[in-house]
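> Dropping the structure in here first, questions after.
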Amino acid sequence: MKRLGLIAIMVFGGLLFSISFELPDLGDARSPASTHVSPYYIEQAIHDTSVPNVVTAILADYRGYDTLFETAVIFSAGLACFFLLRITDRKAPKARFYRHLATGLTLRVEKGGRLPEDTKEFERIDSAWVPSDVIINMTCRLVVPFIQLFALYVIAHGHHSPGGGFQGGVIFGAAIILYAISNNLRRTLRRTSERTSALLGSGGVIIYLGTGLLCILLGAGFLNYSSLSLVPGLDPVSARSYGILIVEIGVGIAVTAVMVWIYYNLASAGKLDEGL
Amino acid sequence: MSLLAVVFIVTGLFFFTGGTIGILRFPDFYSRLHPAGKLDTMGVLMSMTGMALYTVQDFSLAALFTSLKILLIVVFVFITSPTATHAILDAGVRAGLSPWAAPEKGNTK
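Residue numbers (the numbering used here), protein chains in the order written: chain A, 3 to 278; chain B, 18 to 126.
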């Protein structure tokens with residue numbers, strides 16, 4: 003089997019290599035891409051989609067399929083991390099340790115004992131417990147809202163400036179990961195649970211796919227947003243602009259959720275219980 | 018205005034240079050963090066302020082907004098960079114790295 007795989011890789015690699023000689027040179031002014039493809043986008047994108055940023059227009063509209071499958075690839079990366087790392091049948095630890103925050107006393111609760119209720123008076127301690135640091139905590143509390151705001155700005159402003167779903171999603175995910183680092187994983191999981199991140203990750207891809215399917219339902223090709231102009235008050239050009247925005251939001255949600263999901267699995271070695 | 022901006026940027030570059038030399042020359046982790054955190058913060062503060070002044074010199078609303086954004090970068094770097102240094106140093110202490118001490122006399126290698 004391994005040898006078969008090697009042969010297949012050699013054959014296809016050789017084919018790719020031999021074909022690559024036929025490709026036009028880098029920066030060749032007479033190549034088809036430079037003579038009529040790029041000029042069309044540069045000149046017509048603003049009339050077709052009313053999006054000033056040509057990169058966004060190409061990414062989410064002209065090359066919509068490409069971006070759809072990119073989003074799917076990111077989601078499947080999250081899935082792969084989940085299936086490789088996640089340990090579901092973990093054994094309950096023999097004893098758990100809790101620290102009373104006011105007095106600093108540590109309680110040892112044997113297996114089967116009654117655990118303290120989820121209050122602010124006790125703090126669970128495990129092998130990778132770190133004492134919370136006031137300076138880091140306060141700074142992150144100060145900075146995280148601004149990072150999230152900036153992420154939303156990057157997603158929403160992708161039409162006009164560099165940015166879009168992928169970049170904004172990564173920034174938003176980084177904000178949540180920063181919260182997890184500065185506090186602890188358990189508190190973060192209470193706010194953004196694993197289930198939430200998985201559902202949001204698939205939800206983002208479904209938003210993208212659903213927009214494409216909606217275009218079919220409204221009587222145009224897959225991901226041809228101009229058909230959304232059946233919604234009253236939209237002409238085909240601005241419909242394409244709004245279609246791009248919806249798709250970018252979907253991408254942003256998916257990327258955020260997958261970033262957080264991968265972090266959860268990596269940081270706690272798949273246990274989501276111990277760690278950080 | 019332009020002259021003031023240049024003075025600010027040059028001061029920032031001076032701090033950057035000092036920080037770089039410090040990172041290269043100091044003997045251990047903790048003392049290297051000192052120039053890395055402190056002089057970087059000061060260098061960014063100075064050179065970014067200089068750039069904000071440089072942007073705003075032909076005055077318009079757009080230029081004002083741009084320089085305000087630059088000043089926002091300064092504010093955030095000023096808050097986060099010392100915190101990052103603190104966190105790295107804390108991690109070093111917690112990992113059990115002992116600080117460098119001067120070699121005793123007569124024990125030079």
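For each residue, glycine too, the CB sits at the ideal point set by N, CA and C. Predicted model, so just to flag it, every value in this text is computed and none were measured.
Residues of the segment 93-117 of chain B with a CB closer than 8 Å to any CB of chain A: list them in chain order, please.
Cβ contacts with chain A: Phe93, Ile96, Thr97, Thr100, His103, Ala104, Asp107, Arg111.
> Indicate whether at least one CB of chain B lies closer than 8 Å to the CB of Asp135 (chain A).
Yes, Asp135 (chain A) lies at the interface with chain B (some Cβ there is under 8 Å from its Cβ).
> Does DSSP classify Val99 (chain A) as helix, strand or coil?
Reading off the sequence, residue 99 (chain A) comes out as Phe, not Val. Strand, per DSSP.
> Quick one: using the 10 Å Cβ neighbour count with 16 as the cut-off for buried, is Asp63 (chain A) buried or exposed?
Label assigned to Asp63 (chain A): buried.
> Can you list, in chain order, the residues of its chain with a C-beta nearer than 7 Å to that of Val56 (chain A)? Leave out the 5 residues immediately preceding and following it.
Excluding sequence neighbours, Val56 (chain A) sits near Tyr43, Ile44, Ala47.
> If you pair each beta-carbon of the segment 70-77 of chain B with each one of the segment 113-122 of chain B, do three or more pairs fall below 8 Å?
Too few Cβ pairs lie closer than 8 Å, so no.
> Nearest to Ala177 (chain A) by CA position, among A:Met12, A:Val207, A:Val53, A:Leu151, is which residue?
Checking every option, the nearest Cα to that of Ala177 (chain A) belongs to A:Leu151.
> Please classify Phe287 (chain A) as buried or exposed, where buried requires at least 16 other C-beta atoms within 10 Å of its C-beta.
The shown model of chain A, from 3 to 278, leaves out residue 287 (chain A), and the question about it has no answer.
> If I measure Cβ to Cβ from Cys142 (chain A) and keep anything under 6 Å in the same chain, skipping five residues before and after, which residues do I get?
Closer than 6 Å at Cβ, skipping near neighbours: Leu180, Ser184.
> Please classify Met18 (chain B) as buried or exposed, where buried requires at least 16 neighbouring CB atoms within 10 angstroms.
When all chains shown are included, Met18 (chain B) counts as exposed.
> Please state if the CB of Val257 (chain A) and the CB of Phe168 (chain A) are separated by a distance shorter than 8 Å.
It is a contact, given that the beta carbons lie within the stated cut-off.
> Shorter than 8 Å from the beta carbon of Val75 (chain A) to some beta carbon of chain E?
Here chain E cannot be found, since the structure's protein chains are A and B.
> I need the boundaries of the alpha helix (DSSP H) containing Arg49 (chain B), first residue and last residue.
First-last of the alpha helix (DSSP H) with Arg49 (chain B): 46-72.
> Taking all protein chains shown into account, do 16 or more other C-beta atoms lie within 10 angstroms of the C-beta of Glu125 (chain A), making it buried, or fewer, making it exposed?
Counting Cβ neighbours within 10 Å, Glu125 (chain A) comes out buried, since at least 16 surround it.
> I'd like to know whether the C-beta atoms of Thr66 (chain B) and Phe95 (chain B) end up nearer to each other than 8 Å.
Contact flag unset, no.
> Can you check whether the C-beta of Thr37 (chain A) is within less than 8 Å of a C-beta belonging to chain B?
No, its Cβ sits nowhere closer than 8 Å to a Cβ of chain B.
> Ordered along the chain, which non-local residues of its own chain (more than five positions away) have a Cβ less than 6 Å from that of Glu112 (chain A)?
Within the same chain, Glu112 (chain A) has close Cβ partners Ala97.
> Should Leu70 (chain B) be labelled buried (16 or more other beta-carbon atoms within 10 Å of its own) or exposed?
With 16 or more Cβ atoms within 10 Å of its Cβ, Leu70 (chain B) is classed as buried.
> What's the gap between the Cα of Asp68 (chain A) and the Cα of Gly235 (chain A)?
Asp68 (chain A) and Gly235 (chain A): Cα-Cα distance of roughly 29 Å.
> Rounded to a whole number of angstroms, what is the C-alpha to C-alpha distance between Leu278 (chain A) and Ala269 (chain A)?
Low per-residue confidence applies at Leu278 (chain A): pLDDT is 35, beneath 50, and the placement is therefore not dependable enough to give any value.
> Look at the alpha carbon of Ile11 (chain A) and the alpha carbon of Ile21 (chain A), and state the distance between them as a whole number of angstroms.
Straight-line Cα distance between these residues: approximately 15 Å.
> In whole angstroms, what is the alpha-carbon distance linking Thr105 (chain A) and Lys273 (chain A)?
Cα to Cα, Thr105 (chain A) sits roughly 30 Å from Lys273 (chain A).
> Does any CB atom of chain B fall closer than 8 Å to the CB of Ile44 (chain A)?
Judged by the 8 Å Cβ criterion, Ile44 (chain A) is not in contact with chain B.
> Using a Cβ-Cβ distance cut-off of 8 Å, determine whether Leu144 (chain A) contacts chain B.
Judged by the 8 Å Cβ criterion, Leu144 (chain A) is in contact with chain B.
> State the Cα-Cα distance for the pair Asp45 (chain B) and Arg192 (chain A), rounded to the nearest angstrom.
Cα to Cα, the separation comes out at about 40 Å.
> Just list the residues that DSSP pairs Phe124 (chain A) with in beta bridges.
Partner(s): A:His102.
> With distances taken from CA atoms, which of B:Glu121, B:Pro120, B:Ala101, B:Ala118 is nearest Leu50 (chain B)?
It is B:Ala101 whose Cα lies nearest to the Cα of Leu50 (chain B).
> Roughly how many angstroms separate the alpha carbons of Tyr265 (chain A) and His38 (chain A), rounded to a whole number?
Rounded to whole angstroms, Tyr265 (chain A) to His38 (chain A) spans 44 Å at the Cα level.
> So, are the CB atoms of Cys217 (chain A) and Ser231 (chain A) less than 8 Å apart?
It is not a contact, given that the beta carbons lie outside the stated cut-off.
> Which first and last residues belong to the alpha helix (DSSP H) in which Arg193 (chain A) is found?
From DSSP, the alpha helix (DSSP H) with Arg193 (chain A) extends over 187-193.
> Does the beta-carbon distance from Ala259 (chain A) to Gly206 (chain A) come in below 8 Å?
Cβ atoms of Ala259 (chain A) and Gly206 (chain A): closer than 8 Å.
> By alpha-carbon positions, which one of A:Ser163, A:Val156, A:Gly160, A:His162 ends up nearest to Gly175 (chain A)?
For Gly175 (chain A), the nearest C-alpha among the options comes from A:Val156.
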